[in-house]
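Each remark here refers to the structure printed beneath this line.
Residue numbers (our numbering), protein chains in the order written: chain X, 2 to 315; chain R, 107 to 420.
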């Protein structure tokens with residue numbers, strides 16, 4: 002038994018390392034191909050670009066660890082960003098407007114969770130419905146028009162820097178630390194893994210799995226809304242089409258990071274690495290002047306190969 | 107045993123992938139010319155999966171080759187945050203001027219400011235920027251085009267009838283402007299706008315939205331679609347519903363639409379000249395870089411294409 006857990010730790014470690022090796026390999030190849038890749042300015046760009054996807058992907062990791070999926074994140078991002086922009090336009094204090102946006106995202110996440118637990122709707126369907134509803138709500142609320150000119154105080158979130166580090170990167174770091182702590186050091190974290198690996202057993206051992214599921218969808222809603230704040234601030238504009246297809250990038254980051262779509266296995270460390278792989282790939286292919294048609298092809302291949310490798314290992 | 111072979115397979119796959127990236131990277135990038143270093147111009151374009159923008163890109167590329175510039179093209183895939191990242195990336199590549207075709211006029215402002223901060227002059231193509239400093243804006247006048255289409259419908263219907271409008275992506279400035287021009291044209295006439303719905307500039311959506319409208323409206327005399335893709339989708343819907351006597355007017359004059367006009371399926375389209383927008387972009391970039399004075403707005407002619415003049419076009 003002891004031996005087995007040790008072996009499992011080792012394989013989990015290896016799985017983590019494999020994506021790190023992939024990331025490092027990618028970076029090495031890119032820095033050989035273009036001298037611009039390793040410039041400090043470019044590295045900050047990559048980190049900022051990654052943070053948009055990775056914050057959301059961390060929330061997605063919580064959901065996927067329980068064996069669920071959240072397709073609504075892109076639309077939740079758009080809706081909460083739009084509402085916050087609307088609140089700022091109506092003269093509300095910026096911080097309260099942000100709070101409102103974050104609460105809305107969390108509540109939409111809770112609705113997802115309720116549909117999944119109380120309504121017994123499969124996560125794919127429940128969040129697909131939310132994806133459409135939240136996008137519709139965004140269009141209704143905005144009348145299809147972007148809301149722009151949100152002021153410098155709000156702009157700090159996406160464009161500001163602290164000690165020359167872009168604020169979105171700092172936000173990502175903080176979110177990551179909290180998520181890492183919760184998943185590895187708390188009972189709630191263990192319950193999340195337990196719910197994902199065997200829900201029945203978890204229930205029998207007294208874990209309130211419904212509560213855990215509500216929690217993870219709320220977390221995902223919150224991180225989607227947080228990303229909405231960052232994007233809106235970065236562009237100084239809430240667009241009704243914001244975050245279209247963002248759920249796919251978030252899921253890709255989680256999967257590239259070695260988290261199993263069937264739940265119970267994975268980590269936010271992996272997700273960060275996965276997010277970085279996507280970010281580095283996007284940036285690197287741009288620097289190399291690769292046509293966007295090939296870029297999508299290459300990204301698809303990378304995701305497929307990574308998952309194939311992961312599958313074979315199990 | 108099996109594990110070993112899997113690992114080997116893995117190694118082969120990864121190296122294949124890296125080679126692929128390398129090869130694509132090298133061939134995708136333009137080869138540096140002998141001796142004199144070429145001046146680089148960046149072109150960040152809203153999307154390259156629409157023939158209109160592909161033609162715009164081709165026009166720019168042709169002119170760049172002619173004038174001896176290297177053109178770096180990045181595709182924003184209709185996503186403002188992707189556009190922001192693209193501008194960050196292209197600024198890393200030592201360009202001397204940025205041509206940008208914004209996804210959204212509001213959301214592009216901060217990306218333009220990035221270039222302003224780096225002291226790189228910016229020229230906007232087709233869609234303007236509502237912020238940041240832009241040297242000049244090169245575009246066809248979408249309001250005038252919408253009006254042109256509207257006036258044609260008014261004239262053909264003898265000033266009265268029931269009309270449907272298919273709108274572009276909600277929030278896109280081209281959709282707003284074309285709609286505005288169209289409404290100006292039919293205002294004060296006996297033309298009744300019985301339905302006006304977004305179909306997102308998309309042919310499939312144009313078809314499905316039109317199917318719904320056909321169900322709801324027993325009497326329709328004309329349709330104005332804010333682009334040809336939607337117009338062609340609408341024609342399909344009309345044909346499969348077996349309805350007669352509905353005049354369809356589109357916008358953009360893409361090849362399929364011109365063919366439809368020749369075949370008598372479509373009444374008219376408004377021709378923009380995307381290749382001309384692209385080539386003028388590079389031409390004015392050249393002027394700016396040589397220190398010449400340029401006007402703040404360069405209008406590109408529009409033309410109403412009907413059965414009468416469609417053959418003179420190509």
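Cβ atoms here follow ideal geometry from the backbone N, Cα and C, with glycine treated the same way. On a predicted model such as this, the values are computed, not experimentally measured, just so you know.
What first and last residue would you give for the alpha helix (DSSP H) that runs through residue i?
| i | result |
| --- | --- |
| residue 241(R) | No alpha helix (DSSP H) holds residue 241(R); DSSP gives it neither H nor E. |
| residue 393(R) | 380 to 395 |
| residue 266(R) | No alpha helix (DSSP H) contains residue 266(R), which is instead part of the beta strand (DSSP E) from 266 to 273. |
| residue 206(R) | Here residue 206(R) belongs to no alpha helix (DSSP H); instead the beta strand (DSSP E) covers 203 to 206. |
| residue 412(R) | Per DSSP, residue 412(R) belongs to no alpha helix (DSSP H); it is in the beta strand (DSSP E), 409 to 412. |
| residue 208(X) | Here residue 208(X) belongs to no alpha helix (DSSP H), and DSSP marks it neither H nor E. |
| residue 35(X) | Counting along the chain, residue 35(X) falls outside any alpha helix (DSSP H), and DSSP gives it neither H nor E. |
| residue 230(R) | It is not in any alpha helix (DSSP H) - residue 230(R) instead sits in the beta strand (DSSP E) that spans 228 to 231. |
| residue 310(R) | 309 to 322 |
| residue 169(X) | 168 to 186 |
| residue 124(X) | 124 to 143 |
| residue 434(R) | This structure cannot speak to residue 434(R), because chain R is shown only from 107 to 420. |
| residue 404(R) | Run containing residue 404(R): none in the alpha helix (DSSP H); it sits in the beta strand (DSSP E), 403 to 406. |
| residue 60(X) | 41 to 66 |
| residue 69(X) | Note, residue 69(X): premise wrong, no alpha helix (DSSP H); not H, not E. |
Checking contacts by CB at 8 Å: is residue i closer than that to chain R?
| i | result |
| --- | --- |
| residue 232(X) | yes |
| residue 83(X) | no |
| residue 235(X) | yes |
| residue 312(X) | no |
| residue 293(X) | yes |
| residue 158(X) | no |
| residue 20(X) | no |
| residue 301(X) | no |
| residue 327(X) | This structure gives no information on residue 327(X), because the portion of chain X shown stretches from 2 to 315. |
Report yes or no: is there a C-beta of chain X within less than 8 Å of the C-beta of residue i?
| i | result |
| --- | --- |
| residue 187(R) | yes |
| residue 215(R) | yes |
| residue 236(R) | yes |
| residue 190(R) | yes |
| residue 332(R) | no |
| residue 194(R) | yes |
| residue 210(R) | yes |
| residue 140(R) | With a pLDDT of 39 at residue 140(R), under the threshold of 50, the modelled position of that residue is not reliable, and no figure is offered here. |
Report all residues from its chain with a CB closer than 6 Å to the CB of residue i; omit the five preceding and five following residues, and keep chain order.
| i | result |
| --- | --- |
| residue 305(R) | 272, 311, 312, 315 and 336 |
| residue 158(R) | 358 and 380 |
| residue 327(R) | 263, 267 and 268 |
| residue 101(X) | 88 |
| residue 244(X) | 75, 78 and 79 |
Applying a beta-carbon distance threshold of less than 8 Å, which residues of chain X neighbour residue i?
| i | result |
| --- | --- |
| residue 178(R) | 290 |
| residue 277(R) | 143, 145, 146, 147, 240, 241 and 242 |
I want to verify the contact list: residues of chain R whose CB lies under 7 Å from the CB of residue i, in sequence order.
| i | result |
| --- | --- |
| residue 250(X) | Result: empty, since nearest Cβ-Cβ is about 10 Å, beyond 7 Å. |
| residue 37(X) | 198 and 199 |
| residue 186(X) | Within 7 Å Cβ-Cβ: nothing; residue 186(X) doesn't reach chain R, min ~33 Å. |
Using a C-beta to C-beta distance shorter than 9 Å, which residues of chain R count as neighbours of residue i?
| i | result |
| --- | --- |
| residue 40(X) | 198 |
| residue 140(X) | 276, 277 and 304 |
Can you list, in chain order, the residues of its chain with a C-beta nearer than 7 Å to that of residue i? Leave out the 5 residues immediately preceding and following it.
| i | result |
| --- | --- |
| residue 280(R) | 233, 248 and 274 |
| residue 118(X) | 211, 214 and 215 |
| residue 363(R) | 334, 337, 338, 356, 372 and 375 |
| residue 208(X) | 192, 195 and 196 |
| residue 177(X) | 59, 269 and 273 |
| residue 416(R) | 364, 367 and 368 |
| residue 63(X) | 193, 217, 220 and 221 |
| residue 221(R) | 193, 197, 204 and 228 |
| residue 390(R) | 229, 242, 244, 400 and 404 |
| residue 386(R) | 244, 404 and 406 |
| residue 408(R) | 246, 247, 250, 251, 254, 376, 377 and 378 |
| residue 240(X) | 147 |
State the start and end residues of the unbroken beta strand (DSSP E) segment that holds residue i.
| i | result |
| --- | --- |
| residue 302(R) | 296 to 304 |
| residue 148(R) | 145 to 151 |
| residue 353(R) | 353 to 357 |
| residue 328(R) | 328 to 331 |
Please find out if some non-hydrogen atom of the ligand HEM comes closer than 7 Å to the beta-carbon of residue i.
| i | result |
| --- | --- |
| residue 57(X) | This structure lacks the ligand HEM, and indeed carries no ligand of any kind. |
Within a Cβ cutoff of 8 Å, which residues of the same chain sit near residue i, ignoring the five residues on either side of it in sequence?
| i | result |
| --- | --- |
| residue 161(R) | 380, 381 and 384 |
| residue 361(R) | 157 |
| residue 234(X) | 151, 155, 156, 157, 158, 159 and 160 |
So which residues on chain X does residue i lean against when the C-beta distance must stay under 7 Å?
| i | result |
| --- | --- |
| residue 181(R) | 293 |
At 8 Å on the CB atoms, spell out the chain R contacts of residue i, in chain order.
| i | result |
| --- | --- |
| residue 53(X) | 187 |
| residue 50(X) | 191 and 194 |
Give the interface partners of residue i over in chain X, defined as CB-CB distance under 9 Å, in chain order.
| i | result |
| --- | --- |
| residue 154(R) | 292, 293 and 294 |
- Task: Please specify which runs of the alpha helix (DSSP H), each continuous and at least 4 residues long, are wholly inside the segment 156 to 219 of chain R, giving them in chain order.
- Result: Counting only runs of 4 or more residues that sit fully inside the segment 156 to 219 of chain R, the alpha helix (DSSP H) segments are 157 to 173 and 186 to 197, in chain order.
- Ignoring anything shorter than 4 residues or poking outside the segment 201 to 258 of chain X, list the alpha helix (DSSP H) runs there in chain order. List check, alpha helix (DSSP H) in window: 210 to 236 and 247 to 257.
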